[in-house]
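Colleague: Dropping the structure in here first, questions after.
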Amino acid sequence: MQCLSPTYRATAWAAFLACGLAACDSPTGRTPASSGSAGTPFEAGNTATDPAAAAQRLAANANVPDSLHLISPGRVGRLRLNQTEKGLLALVPVSQLTKTSYQYQGATYPAYEMRDAQEPSAPPTILEMDGSEKEGYRLRRIRIRDPQYRTAEGIGVGSPFGAARQTYGLTRVRFNEQDYVAISGTMRIGWILDEKSLPAKHSSDMSSADIPPATRITGVIVVR
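Residue 210 in UniProt numbering is what sits at position 210 of the sequence shown, and the numbering runs on without skipping anything.
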């Protein structure tokens, strides 16, 4: 074996150490530090030492919907509030729609039950219109009972109320028409709550702090 001088050996060892440190700091070798901010509604600050928080994060990520089932302010999938009935019928195949009606403030308006093309047996989404025959009808409100539809944060039918409250900062819960609904003003979304999970002798206007976090969301209302 060729004998190396002490100077050469020292230089080579220093280069090896420098290379090893660079690898540890590379994008593929680096372990991200805990940011301390919650990436999901129930994620703890350090999931590396909190297996339960890590499991909750994975569950939330699994609930992130595809673009056709995404709930966002003023939109549900490809549907957007205030679009015309003509535009709606051009967007959704007639085979998925059943025409119906609903009552609002003593008047009757047209509505559609929309079946999901991927899961025809899922609860239909109700598309409520307003306007008049003379001026035409527009999409006013969307009622969802199908758990496939969720927000980008993974909140939807079946989620615990505590997740919605922590994520969207809800303040009041009110009886609205036929349901108890927690309203998120910034999202323009109402979360229909399972009334059987509410405290006994509850009022029609409650603080969200009085709602048990485990109360299930049974429906979602997207409004203008």
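Note that the Cβ used here is the ideal one computed from N, Cα and C, for glycine as well.
Keep in mind it's a predicted model, so treat the numbers as computed, not measured.
Whole angstroms are fine: how far does the CA of Glu119 sit from the CA of Asp130?
Modeller: The sequence position of residue 130 within the sequence shown is 130, counting from 1. The sequence position of residue 119 within the sequence shown is 119, counting from 1. C-alpha separation (whole angstroms): 28 angstroms.
Colleague: For Leu91, name the three-state secondary structure that DSSP assigns.
Modeller: Locating residue 91 in the sequence shown gives position 91, where the first residue counts as 1. Residue state, collapsed to three classes: helix.
Colleague: Would you report the Cα separation of Ser95 and Ser204, rounded to the nearest angstrom?
Modeller: Sequence index remark: in the sequence shown, residue 95 carries index 95 (1-based). Sequence index remark: in the sequence shown, residue 204 carries index 204 (1-based). Distance between the alpha carbons of Ser95 and Ser204: 39 angstroms.
Colleague: Short check: CB of Val76 to CB of Val222, under 7 angstroms?
Modeller: Indexing the sequence shown from 1 puts residue 76 at position 76. Indexing the sequence shown from 1 puts residue 222 at position 222. In contact: Val76 and Val222 (Cβ atoms closer than 7 angstroms).
Colleague: Could you name each continuous alpha helix (DSSP H) segment of 4 residues or more that falls completely within the stretch 151-186, going from the start of the chain to the end?
Modeller: 161-168
Colleague: So, is Thr215 buried or exposed, given that buried needs 16 or more other C-beta atoms within 10 angstroms?
Modeller: For the purposes of this step, residue 215 is identified with residue 215 of the sequence shown, where counting begins at 1. It counts as buried.
Colleague: Classify Leu79: buried if its beta carbon has 16 or more other beta carbons within 10 angstroms, exposed otherwise.
Modeller: Taking the first residue of the sequence shown as 1, we reach residue 79 at position 79. Buried, since its Cβ has 16 or more Cβ neighbours within 10 Å.
Colleague: Taking just the CA atoms, how far does Ala152 sit from Arg115?
Modeller: In the sequence shown, counting from the first residue as 1, residue 115 sits at position 115. In the sequence shown, counting from the first residue as 1, residue 152 sits at position 152. Approximately 22 angstroms between the Cα atoms of the pair.
Colleague: Compare the Cα-Cα distances from Ile71 to each of Pro147, Gln178, Thr171 and Leu198 and report the closest residue.
Modeller: Position 71 of the sequence shown, counted from the first residue, corresponds to residue 71. Considering only alpha carbons, the answer is Pro147.
Colleague: Within its chain, find whatever has a CB closer than 6 angstroms to the CB of Gly190; leave out the 5 residues flanking it on each side and keep chain order.
Modeller: Counting from 1 along the sequence shown, the entry for residue 190 is found at position 190. Only Val181, Ile183 and Ile221 meet the Cβ criterion.
Colleague: Tell me whether Thr100 is buried or exposed, calling it buried when 16 or more other Cβ atoms sit within 10 Å of its Cβ.
Modeller: As a first step, residue 100 is located in the sequence shown; it is residue number 100 there, counting from the start. That one is exposed.
Colleague: Report the option in Tyr137, Pro160 and Ile142 whose CA atom is closest to the CA atom of Thr125.
Modeller: Walking along the sequence shown from the start, residue 125 turns up at place 125. The residue with the shortest Cα to Cα distance from Thr125 is Ile142.
Colleague: For Met187 and Leu89, what's the separation of their Cα atoms in angstroms?
Modeller: Working through the sequence shown from its first residue, we reach residue 187 at position 187. Working through the sequence shown from its first residue, we reach residue 89 at position 89. Between Met187 and Leu89, the C-alpha separation is close to 26 angstroms.
Colleague: Between the C-alpha atoms of Pro93 and Pro199, what's the straight-line distance to the nearest angstrom?
Modeller: For the purposes of this step, residue 93 is taken as residue 93 along the sequence shown, with counting starting at 1. For the purposes of this step, residue 199 is taken as residue 199 along the sequence shown, with counting starting at 1. The alpha-carbon atoms of Pro93 and Pro199 are separated by roughly 43 angstroms.
Colleague: Going by alpha carbons, who is nearest to Ser208 out of Gly185, Thr171 and Thr167?
Modeller: As a first step, residue 208 must be located in the sequence shown, where it is residue number 208. With distances taken between Cα atoms, Ser208 lies closest to Thr171.
Colleague: Closer than 6 angstroms by C-beta to Arg138: which residues in its own chain qualify, once you throw out the five before and the five after it? Chain order, please.
Modeller: The residue you call residue 138 lines up with position 138 of the sequence shown. Cβ within range, chain order: Asn82, Thr84 and Gly131.
Colleague: Looking at the structure shown, is Asp210 part of a helix, part of a strand, or coil, going by DSSP?
Modeller: Residue mapping note: residue 210 aligns to position 210 of the sequence shown, counting from 1. In the three-state reduction of the DSSP assignment, Asp210 falls in the helix class, which pools H, G and I.
Colleague: Measuring alpha carbon to alpha carbon, tell me which residue in Gly74, Ser67, Arg145 and Leu68 is nearest Arg224.
Modeller: Walking along the sequence shown from the start, residue 224 turns up at place 224. The shortest Cα separation from Arg224 among Gly74, Ser67, Arg145 and Leu68 belongs to Gly74.
Colleague: Can you give me the C-alpha to C-alpha distance between Lys201 and Glu195, rounded to a whole angstrom?
Modeller: Position 201 of the sequence shown, counting from 1, holds the residue named residue 201. Position 195 of the sequence shown, counting from 1, holds the residue named residue 195. Going from the Cα of Lys201 to the Cα of Glu195 covers about 11 angstroms.
Colleague: Select from Arg174, Gly169 and Ile144 the residue whose C-alpha is nearest the C-alpha of Gly158.
Modeller: For the purposes of this step, residue 158 is taken as residue 158 along the sequence shown, with counting starting at 1. Selected option, being the one with the closest Cα: Ile144.
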